[in-house]
Every structure is written in C-alpha cells, then in structure tokens.
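To start, the structure itself, in structure tokens.
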Amino acid sequence: MDRIKSGITFLKTKDLERTTWFYTQVMGLSLALDQKTCRIFKVCENSFLGFCLTEGSVGSEEVILTFEMDDVDGFCETLRAHQAPIEIAPRYNPQFKIYQMFTRDPNNYCIEIQRFEDENWDHASALKGF
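So the numbering used here is basically just the index in the sequence shown, starting at one, shifted up by 306.
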C-alpha cells in the first residue's frame with residue numbers, strides 16, 4: 307500500500323488577495339501553487355494549506371488552524387505589528403501542557419499558535435517514517 311506523501315487542508319475565502327497577503331507576509335508561509343481561484347501555501351515539509359474562492363460563507367467556529375512554533379511571544383508581536391486581532395494573548399494551558407495564543411485570519415478562521423511543553427511530545431519521533 308502506498309503511503310500518504312503530504313496533507314493539504316482546503317478552506318474557503320471571499321478575498322484571495324487579502325488571504326494571500328496574510329499567509330505570506332504575516333504568517334510567513336510560501337505560496338506553493340497558484341491555481342488562479344485556489345492557492346496552496348506550504349506550512350512545513352509535508353503540510354499545506356489551501357484557500358479557494360467562494361461566494362458562500364467563510365470562517366467557522368468549528369475550525370482551528372494550529373501552527374506549532376517555539377517563539378509564541380515573538381510571533382504574537384509580529385501579529386500585533388500587522389494589526390492582526392489577538393483574541394487570547396500568550397498563556398500556559400496546564401490541561402494540554404502547551405503555551406498558546408489565538409488570533410483570526412482575514413476569513414475569520416481561528417488560528418492557534420502553540421508550543422508543546424509536554425515531555426511526552428517528541429516532534430522528531432512523531433515525524434519518523436515520513
């Protein structure tokens with residue numbers, strides 16, 4: 307059986323240009339593929355995030371895009387500098403042993419920036435075999 311090579315999560319947007327600016331300039335992702343009405347951004351080695359134009363509703367309280375990084379506080383300052391809304395400032399979450407913050411993208415999708423502080427999370431081991 308063939309293994310999955312990568313993952314792409316697609317979401318809807320009404321403003322592809324504004325979304326592209328946010329994810330490249332604010333979030334620091336690179337544009338992997340421009341399909342005119344859909345754009346795919348590289349999150350990390352085998353993970354991608356795509357946005358497609360729609361006339362329907364966008365954003366969802368049920369969707370949380372989580373990005374793992376070491377410097378949550380520093381990235382919060384980057385978001386503030388770009389006037390991104392900070393919904394929850396950086397804080398420690400003892401239930402999940404993570405340091406996290408929350409913001410919103412131009413489509414009103416919730417974005418969580420987090421750092422694992424759980425000694426059982428071994429990022430390198432989680433990626434083995436890929």
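Where a beta carbon is used, it is the ideal one built from N, C-alpha and C, also for glycine.
As the structure is a computational prediction, the values presented were derived from the model and not from experiment.
Could you name the residues of the same chain whose beta carbon sits closer than 6 Å to that of residue i, not counting the 5 residues immediately before and after it, in chain order?
{"i": "D379", "result": "P396"}
{"i": "S312", "result": "N352"}
{"i": "L385", "result": "T409"}
Are residue i and residue j close, meaning C-beta to C-beta below 8 Å?
{"i": "F316", "j": "G365", "result": "no"}
Would you decide whether residue i is buried or exposed? Buried here means 16 or more other CB atoms lie within 10 Å of its CB.
{"i": "R345", "result": "buried"}
{"i": "F402", "result": "exposed"}
Have a look at the options and flag the residue whose alpha-carbon is nearest the alpha-carbon of residue i.
{"i": "N399", "options": "T326, E418, A387, N414", "result": "E418"}
{"i": "D376", "options": "R421, N426, W427, I404", "result": "R421"}
{"i": "S338", "options": "I314, V332, Y415", "result": "What sits at residue 338 in the sequence shown is Ala, not Ser. Looking at the Cα atoms, I314 is the closest of the given residues."}
{"i": "D424", "options": "N414, E361, C416, Q406", "result": "Q406"}
So, at 7 Å on beta carbons, what are the nonlocal neighbours of residue i in its own chain, with the 5 sequence-adjacent residues on each side left out?
{"i": "F436", "result": "With a pLDDT of 46 at F436, under the threshold of 50, the predicted position of this residue should be treated as unreliable, though the coordinate-derived value follows. For F436, where only same-chain residues beyond five positions count, the Cβ hits under 7 Å are N352."}
Hey, does residue i have any beta-carbon neighbour from chain C nearer than 8 Å?
{"i": "W327", "result": "The structure shown contains no chain C; it is built from a single protein chain."}
Legend entry - Touching by the beta-carbon criterion (3+ pairs, under 8 Å), the segment 379-393 and the segment 402-420: yes
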